[in-house]
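S.K.: Take this structure, written in structure tokens, and hold onto it; I'll ask about it next.
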Amino acid sequence: MPAYDAVLLVSFGGPEGPHDVIPFLENVVRGKDVPRERLLEVARRYESFGGVSPINTQNRALLAALASELNTHGPGLPVYWGNRNWHPLLAEAIGRMADDGIRRVLAFVTSGFSSYPGCRQYLEDIQRARQAVGPAAPQVDKLRVFYNHPGFVEAMGDRVEDALAQIPPERRPAARLIYTAHSLPVAMARNCVYERQLQEACRLVAGRLGRSQWLLTYQSRSGPASQPWLEPDVRDGLRRLAREAPGADVVVVPIGYVCEHMEIVYDLDVETRQVFDELGLNMVRAAVVAGHPRFVRMIR
């Protein structure tokens, strides 16, 4: 294995105040044919939370936990942080590493599944950032996706168990699991193993918990209505479940996400919860894995 002298935490980024929201979203949609009206609609969601995404707070905590883990158990490497869409941007992080004399870096991307936006696009982002920094930029090697790594499976399993503990003991055995992940256009999904990896991760977590009643659903689709995206949508999955098991307790497991951000705190905790209330189902949302000690040890 080559010698590395730093670790780079790579993530999506998010606004940290009202004035950040529009510039952040413009970074997200750059090069895409997204109507301005749609961008402003999403901006209002951020503004309803004070213009602050929880993702940066979670990444700072993950950064601190990882640095502590590496310092305590080795290898004692410095940890840097760079985002795709907001500060600290990848070019800023790679520039700091170059200034610090870092030459070879291991990158950990907070996306556990193989897809263009969740994997290959980050590789392109890293390469563009290196080019922007110039010849002094360090070499960056990306760690593999971790959807089936025991550290991820165990951490996610613990989060689900914590959620199940919020359901009265006599109802707990009948509780259902609904997993969610970001939807993709069907045409894009055909060219990667995203769906297969998600199904395997869901199966592994459910198996660890001894659970056979679960469903993988998708959320946060965008684009024109005429373009097919992966299904079922989480809301359609809930309607199906309401017919099968009226009044059921349901643990919503955001397995496709490492950190809390707007697609969880709004799309799930606000919009999807409204559907739960309409259907008479009891929603308990599992936490993400960021910061879980087993997940941090996995990165090391």
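The sequence shown begins at 885 in the working numbering and counts up one residue at a time. Quick reminder that beta carbons are idealized off the backbone N, C-alpha and C, glycines included.
Give the straight-line distance between the Cα atoms of GLU1155 and ALA977, rounded to the nearest whole angstrom.
M.R.: Residue numbering aside, residue 1155 sits at position 271 when the sequence shown is read from its first letter. Residue numbering aside, residue 977 sits at position 93 when the sequence shown is read from its first letter. Those two C-alpha atoms are separated by around 35 Å.
S.K.: Kindly indicate which residue of THR941, ARG1043 and SER1104 has the alpha-carbon position closest to the one of VAL1172.
M.R.: Here residue 1172 refers to the residue found at position 288 when the sequence shown is read from its first residue. If we check each option's Cα against that of VAL1172, ARG1043 comes out closest.
S.K.: For PRO1112, count the other beta carbons within 10 Å of its own beta carbon; 16 or more makes it buried, fewer makes it exposed. Which is it?
M.R.: Position 228 of the sequence shown holds residue 1112. Looking at its Cβ environment, which holds fewer than 16 other Cβ atoms inside 10 Å, PRO1112 is exposed.
S.K.: Quick one: complete beta strand (DSSP E) runs, 3+ long, within the region 987–1027?
M.R.: 988–993 and 1023–1026
S.K.: At what residue ranges does the region 1102–1174 contain a whole run of the beta strand (DSSP E), taking only runs of 3 or more?
M.R.: 1133–1137 and 1166–1169
S.K.: VAL989 and TYR888: beta carbons closer than 8 Å?
M.R.: Within the sequence shown, the letter at position 105 stands for residue 989. Within the sequence shown, the letter at position 4 stands for residue 888. Between VAL989 and TYR888, the gap from beta carbon to beta carbon is short of 8 Å.
S.K.: Should the region 1159–1167 be regarded as contacting the region 1121–1129, the criterion being three or more beta carbon pairs within less than 8 Å?
M.R.: Enough Cβ pairs lie closer than 8 Å, so yes.
S.K.: What are the start and end residues of each continuous beta strand (DSSP E) run of 3 or more residues lying completely inside the region 906–971, in chain order?
M.R.: List check, beta strand (DSSP E) in window: 963–967.
S.K.: Do the region 1102–1118 and the region 1053–1060 meet, that is, are 3 or more Cβ pairs less than 8 Å apart?
M.R.: no
S.K.: Go to ARG1060, then tell me how far its beta strand (DSSP E) extends in each direction, as first and last residue.
M.R.: By 1-based counting over the sequence shown, the position of residue 1060 is 176. From DSSP, the beta strand (DSSP E) with ARG1060 extends over 1060–1066.
S.K.: Classify SER952 as buried or exposed, calling it buried when 16 or more other Cβ atoms lie within 10 Å of its own Cβ.
M.R.: As a first step, residue 952 is located in the sequence shown; it is residue number 68 there, counting from the start. Classification for SER952: exposed.
S.K.: Considering LEU1088, what are the terminal residues of the alpha helix (DSSP H) in which it resides?
M.R.: Along the sequence shown, read from residue 1 onward, the residue named residue 1088 stands at position 204. First-last of the alpha helix (DSSP H) with LEU1088: 1078–1093.
S.K.: If you check the beta carbons only, do LEU954 and TRP965 fall under 8 Å apart?
M.R.: Taking the first residue of the sequence shown as position 1, residue 954 is located at position 70. Taking the first residue of the sequence shown as position 1, residue 965 is located at position 81. The answer is no: Cβ separation not under 8 Å.
S.K.: In three-state DSSP terms, what is VAL1029?
M.R.: Sequence index remark: in the sequence shown, residue 1029 carries index 145 (1-based). Coil, per DSSP.
S.K.: Please report the distance separating the alpha-carbon of GLY979 from that of ARG1014.
M.R.: Walking along the sequence shown from the start, residue 979 turns up at place 95. Walking along the sequence shown from the start, residue 1014 turns up at place 130. Cα to Cα, GLY979 sits roughly 8 Å from ARG1014.
S.K.: Quick check: the Cα distance between VAL1142 and SER995, rounded to an integer number of angstroms?
M.R.: If you number the sequence shown from 1, residue 1142 lands on position 258. If you number the sequence shown from 1, residue 995 lands on position 111. Using only the alpha carbons, I get a separation of about 7 Å.
S.K.: Using the rule of at least 16 other Cβ atoms within 10 Å of the residue's Cβ for burial, across every protein chain shown, is HIS957 buried or exposed?
M.R.: As a working mapping, residue 957 is identified with position 73 in the sequence shown. Answer is exposed; the Cβ neighbour count stays below 16.
S.K.: Between ARG944 and PRO938, what straight-line distance do the alpha-carbon atoms span, to the nearest angstrom?
M.R.: Here residue 944 refers to the residue found at position 60 of the sequence shown. Here residue 938 refers to the residue found at position 54 of the sequence shown. If you take the alpha carbons of ARG944 and PRO938, they lie about 10 Å apart.
S.K.: Leaving out five residues on either side along the sequence, give the residues of the same chain with a beta carbon under 8 Å from the beta carbon of VAL1017.
M.R.: What you label residue 1017 is simply residue 133 of the sequence shown in a count that begins at 1. Excluding positions up to five away in sequence, the list reads ALA975, ILE978, GLY979 and ALA982.
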